[in-house]
Amino acid sequence: MDAIPLIEDYEFELGDPECLPSAMGQLYRATARFEADASGVMPYLNAVLDRADYSRDNSYIRWKESVRVYILRKHELALSPAKDREHAVELMEQTVRMINDVWAKRDEIEPDYHELRIVPALTIFQLLPRTNCRECGLASCMAFAAEVSKGEMHASECPPLASEEHSGERERLEELCG
Ligand code: SF4
Numbered sequence: 390m391d392a393i394p395l396i397e398d399y400e401f402e403l404g405d406p407e408c409l410p411s412a413m414g415q416l417y418r419a420t421a422r423f424e425a426d427a428s429g430v431m432p433y434l435n436a437v438l439d440r441a442d443y444s445r446d447n448s449y450i451r452w453k454e455s456v457r458v459y460i461l462r463k464h465e466l467a468l469s470p471a472k473d474r475e476h477a478v479e480l481m482e483q484t485v486r487m488i489n490d491v492w493a494k495r496d497e498i499e500p501d502y503h504e505l506r507i508v509p510a511l512t513i514f515q516l517l518p519r520t521n522c523r524e525c526g527l528a529s530c531m532a533f534a535a536e537v538s539k540g541e542m543h544a545s546e547c548p549p550l551a552s553e554e555h556s557g558e559r560e561r562l563e564e565l566c567g
């Protein structure tokens, strides 16, 4: 017998494109609201998603896939950006399916209650080579530090950090940022 899905029905809403300015043209934010309480699936999602930002107390989990950001709250799932309504509907269906799959398999997954720590950009910056060499693809070490702090990039994407000269700073960054 199939397990009962956590999220069976939801109310879909496409946000106003003006709320999401982008050089790529109009992009949309989509929301699904549901009656089910999604708090229970969050530690299981935290276990299977890469670098998710989970807060048990505030009952939310946020994660990224490529350029897209997803946020699951107790009774709501939001995602952005989507190209248009059809794209947003498809993404929402896929994500709800993924959440329901994780819920159905929860007996096989060790829940993870670990919360991602936000490390201030300045702390990260002080551990970088601070040469503004741009090998990471950004204009400066401070810009890179800000991206690492937000979880958008990882310290390993700074090639000079891999050298023996910076091994101490690299280890400290790994302790702080994972
Ligand atoms: S690659 Fe590293 S040292 Fe170079 S700009 Fe980026 S963060 Fe700074």
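Under our numbering, the first residue of the sequence shown carries the number 390, and numbering increases by one thereafter. Don't be surprised by glycine CBs; every beta carbon is placed ideally from N, CA and C. Just so it is clear, the structure is predicted and the values come from calculations on it, not from any experiment.
- Counting only residues of its own chain and dropping the five nearest sequence neighbours on each side, residue 394 has a CB closer than 6 Å to the CB of 489.
- Taking 8 Å as the cut-off, the beta carbon of residue 507 is found no closer than this to the beta carbon of residue 433.
- Sequence-distant Cβ neighbours of residue 474 in its own chain, meaning closer than 8 Å and more than five residues away, are 403 and 417.
- Contact annotation, residue 566 with residue 551: C-beta distance approximately 15 Å; criterion of less than 8 Å not satisfied.
- Counting of Cβ neighbours within 10 angstroms places residue 447 among the exposed residues, the total staying below 16.
- Per DSSP, the unbroken beta strand (DSSP E) holding residue 400 starts and ends at 400-403.
- Taking the CA atoms as reference points, residue 556 sits about 12 Å from residue 548.
- Residue 432: member of the alpha helix (DSSP H) spanning 431-437, first to last residue.
- For residue 420, the enclosing beta strand (DSSP E) has its first and last residue at 417-422.
- Rounded to the nearest whole angstrom, the CA to CA distance from residue 472 to residue 478 is 10 Å.
- By the neighbour-count criterion, in which a residue is buried when 16 or more other Cβ atoms sit within 10 angstroms of its Cβ, residue 528 is exposed.
- Counting every other CB atom within 10 Å of its CB across the protein chains shown gives residue 469 a total of 16 or more, marking it as buried.
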